[in-house]
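**Student:** First the structure, then my questions, so here it is.
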Amino acid sequence: MSPRFSASVITAMMAAAMMISAAPATAAVPWCAPDSIGLSTSAPGSPGDATQIHFDVIFTNLSSQPCTLQGYPGVDLIGPDDPMWGPDYQLPRQAGVPQAVTLEPGAAATSRLTFLPDPDGWVPNTIAVTLPNAPGRLEAPWIAGGVPVARQDAASHPGSYIGPLQPAD
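Written as structure tokens, this is what we have:
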């Protein structure tokens, strides 16, 4: 094979490879924005030993387009000013491996909120949520019944936390 022929073949192959890599990729589903998501909660329940209470924070796509959520929502419980900790209780994240959840219009994703109740504890008024990959926040009222929470703001292994986003059942 002549050097001239080899160079021509290599040049043609490189040009073809550049054309393939320059081809437009399929459009990715955009991240969900707060203005396209409705926020609500499920009824609270207790696991077998009833030392913790949990409920789902529900994210519903209200738009006419699909969108994606992935990771953990940022969750703050907002209530009266606690003398030691203030009015805002930021929940830590539960261990887990978040996966992308694509929400078609009207579909929902959930994140499990687990907390330690305390009969003499602090009662939040509002659940304030920040979506992953989106500025702004959503708010929903605290669960019915005004269940008080044991504040564990400085705990190294708190019994209150938020789980990763997952498709709604």
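Read in order, the letters of the sequence shown correspond to residues -27 to -1, 1 to 142 in mature numbering (1 follows the signal peptide of the UniProt record, and there is no 0).
Glycine is no exception: its CB is placed at the ideal position from the N, C-alpha and C atoms.
Here the structure is a predicted model, which means the values were calculated and not measured.
#1: Starting from the C-beta of THR75, find all residues in its chain whose C-beta is less than 6 Å away, skip the five residues before and the five after it, and write them out in chain order.
#2: Quick check: the segment 7 to 18 against the segment 99 to 114, are at least 3 beta-carbon pairs closer than 8 Å?
#3: For CYS40, which beta-bridge partners are listed by DSSP?
#4: If you drop the 5 nearest sequence neighbours on each side, which residues of the same chain put their C-beta closer than 8 Å to that of PRO137?
#5: DSSP three-state label for ASP55, please.
#6: So what does GLY119 bridge to, in DSSP terms?
#7: Which residues in the same chain as PRO97 place their Cβ atom closer than 8 Å to its Cβ, once the five residues preceding and following it in sequence are excluded?
#8: According to DSSP, is ASP8 part of a helix, a strand, or is it coil?
#9: Assuming THR14 and ILE26 are in contact, meaning their beta carbons sit under 8 Å apart, how far apart are those beta carbons, in whole angstroms?
#10: Apart from the five residues on each side of it in sequence, which residues of its chain come closer than 8 Å, Cβ to Cβ, to GLY18?
#11: From LEU35 to VAL102, what distance separates their C-alpha atoms?
#12: Among the candidates SER37, ARG124 and PRO140, whose CA atom is the shortest distance from the CA of MET57?
#13: For GLY11, which residues of its own chain have a beta-carbon under 6 Å away from its beta-carbon, when the five flanking residues on both sides are left out?
#14: Ignore the nearest five residues each way along the sequence and tell me which others in ILE135's own chain have a CB closer than 7 Å to its CB.
#15: Rounded to whole angstroms, what's the CA-CA distance from SER(-7) to GLU77? Just pull it up for me.
#16: Could you tell me which of ASN106, ASP91, PRO60 and ALA80 sits nearest to GLY132, measuring between CA atoms?
**Tutor:** In short, the structure shows the following:
#1: VAL2, PRO39 and THR41
#2: yes
#3: LEU76
#4: GLY44, TYR45, ARG66, GLN67, GLY69, VAL70, PRO71, GLN72 and SER84
#5: strand
#6: The partner list for GLY119 (beta bridge, DSSP) is empty, contrary to what the question assumes.
#7: LEU50, ILE51, GLY52, TYR62, TRP115 and VAL122
#8: helix
#9: The Cβ separation is near 12 Å, so there is no contact.
#10: ILE26, HIS27 and PHE28
#11: 16 Å
#12: ARG124
#13: THR33 and LEU35
#14: TYR45, PRO46, VAL48, LEU64, ARG66, GLN67, SER84 and LEU86
#15: Its pLDDT being 39, under 50, SER(-7) is placed unreliably in this model, and the value from its coordinates should be taken loosely. Each residue's Cα considered, the two are about 30 Å apart.
#16: ASP91
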